[in-house]
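Worksheet for the structure shown next.
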Amino acid sequence: MLNLANLAEEVQIAFRRRSKLKRGDFGDEASAPTESDIEETLKRLVSELGKSREEVFDALKNQTVDLVFTAHPTQSVRRSLLQKHGRIRNCLRQLYAKDITADDKQELDEALQREIQAAFRTDEIRRTPPTPQDEMRAGMSYFHETIWKGVPKFLRRIDTALKNIGINERLPYNAPLIQFSSWMGGDRDGNPRVTPEVTRDVCLLARMMAANLYFSQIEDLMFEVL
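Per UniProt numbering, the very first residue in the sequence shown carries number 1; after that it's consecutive.
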C-alpha cells in the first residue's frame, strides 16, 4: 500500500512541476528552479564563478560518473513487482494528459485497477534466498526499466542546456560521462556462494541481456528508417 502511495505522489509531483515549468510559475520557493537543474548550474558556472563556456564544455565532456550496481536483499524489490509498479506509473501518467478522452480514461482506469489487483496478489518477499544470477537479473531489470531510457534523456537535456547558454557543440557520442559497474556476482566479502564459476556465469548473463537490449533498440531503429 505504501509503495502505491509513493508511486501516486511521485507522478503527481512530476506533473505539478512540469505544469509550473510550462507556465513559468515560480512564485513559491519550493517550485523555483534549484541549483541541481542542469541549465541553472551551467549558467552559474559562467555568470557567478567566471568560467568561460569553453572551460565548462571541456570539463563536462571529460568527466566520468561511475554508477555501481550492488545487491541488497533486504532492500530489493522483486522483478515481477517492479514491472507492475512501472505499468501502474505509466497508467497514472497517461491519466494526467490534458487531451485524454472519456473512452481512454475508462480504459486506463480499468487497466490501473487490474495492475493494482495484480500487485496486491504478488508476494513482496522472496521465500528462497536469491542466487547471484537472480540478483543480476533483478539489477538488469532496474537497468532496463529506468536507466536504459533515462540516461540518454539526461544526456539530451545536457545538450539542450549547453545550447541555451550559447555552446553550440554537442557532447561527443564517445564521451564516457556515465559508465556502469557491478558488484553483483563478484562480491566475495563473506558470501560463500560467489565462486569464480558464478562470477563467469553472471558476467555472461549480463552480456547477453545487454546484447538483447541493443538488438531490440537497433530493430526499432530499422523500422523507423524503413
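Just so you know, even glycine gets a beta-carbon here, dropped at the ideal spot from N, CA and C.
Note that the coordinates shown come from a computational prediction; the quantities given were computed from them, not determined experimentally.
Check	Outcome
ALA102: buried (16+ other C-beta within 10 angstroms of its C-beta) or exposed?	exposed
Let me confirm a value: ILE100 is counted as buried when at least 16 other C-beta atoms fall within 10 Å, else exposed. Which label applies?	exposed
Out of ARG18, ASN6, LEU2 and PHE57, state which residue places its alpha-carbon closest to the alpha-carbon of LEU171.	PHE57
Please report the straight-line C-alpha distance between GLY186 and ASP66, rounded to a whole angstrom.	17 Å
Find out if the Cβ-Cβ distance for the pair MET184, GLY139 is shorter than 8 Å.	yes
Drop a sphere of 10 angstroms on the beta-carbon of PHE143, count the other beta-carbons inside from all chains shown, and report buried for 16 or more, exposed for fewer.	buried
DSSP on MET66, reduced to helix/strand/coil?	The sequence shown places Asp at residue 66, not Met. ASP66 falls in the strand class under three-state DSSP.
With DSSP collapsed to three states, give me the class of ILE100.	coil
Just curious, the alpha helix (DSSP H) that SER141 is in, first and last residue?	132-142
Could you tell me which uninterrupted beta strand (DSSP E) segments, each at least 3 residues in length, are contained entirely in the stretch 142-198, listed from first to last along the chain?	178-182
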